[in-house]
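Everything below concerns the one structure shown next.
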Amino acid sequence: MNYKEKWDMESIFPGGSGSEAFQKRLSEVRDSITAFSHELDNWELDEHSNDFTSLKGILQNYEKISNALGEMGSFANGLVSADVTDQKAMQNLNAVANLRKDLSSQNIILNKKISALTEDQFSKLLEEDFFKPMHFPLEEIRQKEKDLLSTQEETIINHLSLDGLQGWNNMYNQLVASIQIPVTEDNETVYYSAGQFENKMKSEENPKHREKLLKTWEETWKKKADLFSTTLNHLSGFRLNDYELHDYKDYMKVPLDYNRMEEETLDTMWDTITKNKAPFKKYFERKAQLIGVDQLGWLDVTASVDVGDYTNKRYTYNEAATFIIDNFKSFSPKMAEMAHRAFEEQWIEAEDRPGKRPGGYCSNLPESKQSRIFMTFAGSTSNVSTLAHELGHAFHSYVLRDLPLFNQRYAMNVAETASTFAELVVSNATIENARSNAEKINLLDVKIARSATFMMNIHARYIFERNLYNERQQGTVDSNRLQELMEEAQKEAYQDALRSYHPMFWATKLHFHITGVPFYNFPYTFGYFFSLGIYNRFLEDETLLEDDYIALLRDTASMTTEDLAEKHLNVDLRKPDFWQEALDSVHKDIEEFLELTESYV
1 MNYKEKWDME SIFPGGSGSE AFQKRLSEVR DSITAFSHEL DNWELDEHSN
51 DFTSLKGILQ NYEKISNALG EMGSFANGLV SADVTDQKAM QNLNAVANLR
101 KDLSSQNIIL NKKISALTED QFSKLLEEDF FKPMHFPLEE IRQKEKDLLS
151 TQEETIINHL SLDGLQGWNN MYNQLVASIQ IPVTEDNETV YYSAGQFENK
201 MKSEENPKHR EKLLKTWEET WKKKADLFST TLNHLSGFRL NDYELHDYKD
251 YMKVPLDYNR MEEETLDTMW DTITKNKAPF KKYFERKAQL IGVDQLGWLD
301 VTASVDVGDY TNKRYTYNEA ATFIIDNFKS FSPKMAEMAH RAFEEQWIEA
351 EDRPGKRPGG YCSNLPESKQ SRIFMTFAGS TSNVSTLAHE LGHAFHSYVL
401 RDLPLFNQRY AMNVAETAST FAELVVSNAT IENARSNAEK INLLDVKIAR
451 SATFMMNIHA RYIFERNLYN ERQQGTVDSN RLQELMEEAQ KEAYQDALRS
501 YHPMFWATKL HFHITGVPFY NFPYTFGYFF SLGIYNRFLE DETLLEDDYI
551 ALLRDTASMT TEDLAEKHLN VDLRKPDFWQ EALDSVHKDI EEFLELTESY
601 V
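First residue of the sequence shown: 1, per full-length UniProt numbering; consecutive thereafter.
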């Protein structure tokens, strides 16, 4: 099968960023929001009424508009990601953001009216078939309303966020788009975009060359450090001002509430991880020996290990697609079927070319009942993992596609469960099918390095962001201090086990500048170890089937994180037992790696 590496956007709105169909849809949705506003204003329910017919229609219209905005937003953002110079696409994305702001203002009113229902009315509401599946999200709305300011005040904050929070995110994206890194190749100077250079840096096999590339990477971003510190300060400052207006005493309230997660669960996870980092020192020491350095540097942690007659495998896009589909089948035929659709119908933008933004993501198309996956595929094992990761996200959305909109809004921590689970399915299958010890060592190393990312790299991000917010409460934090905070966090998270670090990581990592989700870091670690625990249980318990996994995914937006784990896994996430079980499997991987590599040092 010859799969194309460019995604199909024409089937969504033909004509690219100049699409007339897109502009027509913008106009239609704008009118729909105006009509929705009138409909919502006219709906009043006195305390004695139990007729919810109008509310049903309001929620149906709200879902229809939300889905349209999701479709348009994924389309416009996709075009911007694929070509950061496409100014028309950026204008379209901003137009969608404006409509989202307008709908969000109406959503404030809708939530307040739902919250105004008496307890008796709410009980009666939930007896009706239409509303019954939405019990949890509707109850969540009523609980969160207690934290809201007046409708007028919430609307003002919402409007200001467009040129405030979102505006600084747009500025960050424009700064990233301006990054051009000169590289001499065959006596000619070639300019790499941030995304291309990042791929080059991470795929470089020579440790000394990797170190030089990292130095170039650091120096390039440092030239604009003051500008990046401005965007980060204003993003965090906007949030802190918002929290102060709402009288939130702790800046962690919003990220925890968003993830439907208790602080005790988060603290238990990090505490258990910290207590289980010691084995990684032996892994780091052995890996340093294998790649010929005295001590691992920042990039060496995820670099490939080539031993014996095995060299790091490179994949064509078609090979990666076949590899992923075949390995998905080992666990979930339904996941494999969806992945095949994604490749066949060109849901994926993977071409390695200039002008693309760095990173990867999966975006849902709620009207088309599809997804679009963005990444830059250069043939590395890491690229294959990223592709499987994003297909996991797509599968999560796919299995929820028939549920009400409110029951599809899962939080980021459980969103990362499906994606990292998909990675585990692929990596574990390849390790089991390794044709030699050398190949098994390489594949084990990739898996352990991924664990190190979630236990250390992301822990560093979490520590950094906690310290940033603590200092930002007292005033702005300059670029030099941000570099100090980042290096200190990395040394703490890696337990000072590396010879080099990445002080400018706060600027190069998009996740610190994302506006939709505050503290866009710990959910990755949660998702990884939550999925690892789930995967281990499926391996140990033959009575658990594919449909049990899908049932868990379908509940991810319909209960708290703790209740989800209790219902489907019979575990208490507030206690270390579940996390320790997951971490024990990481220790086993390290032990096997050390045993297999003993003869190579």
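Backbone N, C-alpha and C define an ideal beta-carbon position, used for all residues, glycine too.
Asked: Rounded separation between Ala-493 and Asp-352 - CA only; Found: 32 angstroms
Asked: Beta carbon of Phe-228 nearer than 7 angstroms to that of Ala-35; Found: no
Asked: Close-in-space but distant-in-sequence residues of the same chain around Ser-236 (CB under 8 angstroms, 5 per side omitted); Found: Leu-468, Tyr-469 and Arg-472
Asked: Pick from Asn-2, Arg-466, Lys-208 and Thr-381 that is closest to Arg-499, judged by C-alpha positions; Found: Lys-208
Asked: Element boundaries [alpha helix (DSSP H), containing Arg-435]; Found: That residue, Arg-435, is in no alpha helix (DSSP H); it is neither H nor E in DSSP.
Asked: Cα-Cα separation, Tyr-410 to Asp-294; Found: 44 angstroms
Asked: Nearest-angstrom beta carbon gap, Ser-363 and Asn-94 [assumed within contact, 8 angstroms]; Found: Not confirmed; about 17 angstroms, so no contact.
Asked: Leu-424 and Tyr-283 closer than 7 angstroms at C-beta; Found: no
Asked: Segment contact, 8 angstroms Cβ cut-off, at least three pairs: the region 548 to 565 with the region 251 to 271; Found: yes
Asked: Bridge partners - Thr-184, DSSP secondary structure assignment; Found: Thr-189
Asked: Where Ser-363 falls: helix, strand or coil (DSSP); Found: strand
Asked: Test item: CB-CB of Ala-378 and Asn-199 under 7 angstroms; Found: yes
Asked: Host alpha helix (DSSP H) of Gln-87 (start-end); Found: 87 to 115
Asked: Bounding residues of the beta strand (DSSP E) (the contiguous stretch that carries Phe-374); Found: 370 to 374
Asked: Assigned exposure category for His-38 - 16 Cβ within 10 Å defines buried; Found: exposed
Asked: DSSP-derived helix/strand/coil call for Ile-348; Found: strand
Asked: 7 angstroms Cβ cutoff met for Tyr-361 and Phe-454; Found: no
Asked: Contact test: Asp-267 Cβ vs the ligand SAH heavy atom, cutoff 6 angstroms; Found: As far as ligands go, the structure on display features none, and thus does not contain the ligand SAH.
Asked: Own chain, CB closer than 8 angstroms to Leu-564, minus 5 neighbours either side, in chain order; Found: Val-414, Leu-552, Asp-555 and Thr-556
Asked: Contact check, Ser-451 vs Val-305, beta carbons under 7 angstroms; Found: no
Asked: Length of the line joining the Cα atoms of Val-446 and Val-96; Found: 39 angstroms
Asked: Cα-Cα separation between Asp-309 and Met-412, rounded to whole angstroms; Found: 41 angstroms
Asked: Segments assigned alpha helix (DSSP H), at least 4 residues, entirely inside the UniProt domain "Oligopeptidase F N-terminal" (114 to 180); Found: 119 to 125, 135 to 144, 151 to 163 and 165 to 177
Asked: Other residues of its chain near Ile-441: CB distance less than 7 angstroms, five sequence neighbours each side excluded; Found: Val-305, Val-307, Phe-593, Leu-596 and Thr-597
Asked: Local conformation of Tyr-205 per DSSP, three classes; Found: Tyr is not the amino acid found at residue 205; the sequence shown has Glu there. Reduced to three states, the DSSP call for Glu-205 is coil.
Asked: Of the residues Pro-279, Pro-523 and Glu-344, the one placed nearest Asp-584, counting alpha carbons only; Found: Pro-279
Asked: C-alpha gap between Lys-24 and Leu-299, whole angstroms; Found: 47 angstroms
Asked: Within 7 angstroms, strictly: CB atoms of Thr-231 and Ile-181; Found: no
Asked: Contact set for Thr-272: own chain, Cβ-Cβ below 7 angstroms, skip 5 residues either direction; Found: Pro-576, Trp-579, Gln-580 and Leu-583
Asked: Other residues of its chain near Asn-383: CB distance less than 6 angstroms, five sequence neighbours each side excluded; Found: Phe-377
Asked: Span separating the alpha-carbon of Leu-55 from that of Pro-366; Found: 22 angstroms
Asked: Sub-7 angstroms separation of Ile-141 and Ile-109 beta-carbons; Found: no
Asked: Nearest-angstrom Cβ-Cβ length linking Ala-339 and Leu-391, presumed shorter than 8 angstroms; Found: 5 angstroms
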